[in-house]
């Protein structure tokens, strides 16, 4: 399914929030929830910035910002 199709479905269904799920290096599931209004085509291409020190194995506190 294309990115544009996903965005169209989000509008058609009046989706309010989008939950992006991922796993850390040990396989533990995590998620980031964004308001649907903030999700654009670029979000799927460029990713979502988050604090990597909050995820075990990603970054130490001194290198925390990630995409």
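Residue numbers (the working numbering): 279 to 345. In this text, a Cβ means the ideal position worked out from N, Cα and C, and glycines have one as well.
Around the CB of residue 301, fewer than 16 other CB atoms lie within 10 Å, so the residue is classed as exposed. In this structure, residue 314 sits near residue 294, with a CB-CB distance shorter than 9 Å.
Cβ contact annotation for residue 319 (same chain, cutoff 6 Å, sequence separation greater than five): 281, in chain order. Here residue 315 carries a helix assignment [DSSP, helix/strand/coil].
The criterion of a C-beta distance shorter than 9 Å is satisfied by residue 326 and residue 312.
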